[in-house]
Amino acid sequence: MVYKNILFICSANKQRSKTAEDYFSAKYPKKTFTSAGTNLKICKREGTNPLTIELLEEADLIFVMENMHKKQIIDFLGDKLTKDITILNISDLYKYYSKELIDILEDKLGKYFEKIFAL
């Protein structure tokens, strides 16, 4: 399978998912990385990207930062959810583009992306 559209999801789309989007976009410029937040009120207030059905439908791969994000998506979509969601287990402890967060993202996804994007 060709993976072109990768979606990262956290709560507010300010720190974790936005870092993942920006970091991997720079590393793999031929792929499309997007990020969004599940908390629509915070996203609206902060001017960040809220999660939409369209983003979920367009994504070839979906990564959430915590289990609660997956639960929110399942509650929102119910039986309409046809894609796998991978939980990264990254707590909301990190600032945007912090070295610690980049290291965690690279540790969890670096080799995986190298493998699937080489296909």
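Heads up: the sequence shown begins at 26 in my numbering, then just goes up one per residue. Where is the CB? At the ideal position from N, CA and C, for every residue including glycine.
Next item on the list: On a CA-only basis, which of D128, I141 and I99 is nearest Y48? Give me that one, please.
Entry: Start at 1 with the first residue of the sequence shown, and residue 48 comes out as number 23. It is D128.
Notebook entry, point to check: With a CB to CB cut of under 7 Å and the five nearest residues on each side skipped, what residues in its chain are close to I110?
Noted result: The count along the sequence shown starts at 1 and reaches residue 110 at position 85. So the qualifying residues of the chain are I87, V89, K95 and I98.
Notebook entry, point to check: Which same chain residues, not among the five before or five after S42, have their C-beta less than 6 Å away from its C-beta?
Noted result: Position 17 of the sequence shown, counting from 1, holds the residue named residue 42. Excluding residues within five positions, the ones whose Cβ falls inside 6 Å are F33, I34, C35 and S60.
Next item on the list: Quick one: using the 10 Å Cβ neighbour count with 16 as the cut-off for buried, is K39 buried or exposed?
Entry: Numbered from 1 along the sequence shown, position 14 holds the residue referred to as residue 39. Using a 10 angstroms sphere on the CB of K39, the tally of other CB atoms reaches 16 or more, which defines it as buried.
Note to self: Tell me which residue opens and which closes the beta strand (DSSP E) that T111 is part of.
What the structure shows: Residue mapping note: residue 111 aligns to position 86 of the sequence shown, counting from 1. T111 -> beta strand (DSSP E) spans I110 to I112.
Next item on the list: Please state whether DSSP places T59 in a helix, a strand or coil.
Entry: Taking the sequence shown and counting its residues from 1, one reaches residue 59 at position 34. T59 falls in the strand class under three-state DSSP.
Margin query: Which residues does DSSP list as the beta-bridge partners of P54?
Written below: By 1-based counting over the sequence shown, the position of residue 54 is 29. DSSP links P54 through a beta bridge to no other residue.
Check: Whole-angstrom Cβ separation of E91 and N64, contact assumed at under 8 Å?
Finding: Mapped onto the sequence shown, residue 91 falls at position 66. Mapped onto the sequence shown, residue 64 falls at position 39. So it is not a contact: roughly 12 Å between Cβ atoms.
Item checked: Length of the line joining the Cα atoms of A51 and E131 -> One-based indexing of the sequence shown puts residue 51 at position 26. One-based indexing of the sequence shown puts residue 131 at position 106. If I take the Cα positions, the gap works out to 13 Å.
Checklist line | Close Cβ partners of E125 (< 7 Å) along its chain, the five nearest in sequence each way excluded | finding: Here residue 125 is taken as the residue at index 100 of the sequence shown, counted from 1. Same-chain partners within the cutoff: Y119.
Margin query: Rounding to the nearest angstrom, what Cα-Cα distance links N74 and Y121 in this structure?
Written below: Mapped onto the sequence shown, residue 74 falls at position 49. Mapped onto the sequence shown, residue 121 falls at position 96. As the crow flies, the alpha-carbon of N74 is around 15 Å from that of Y121.
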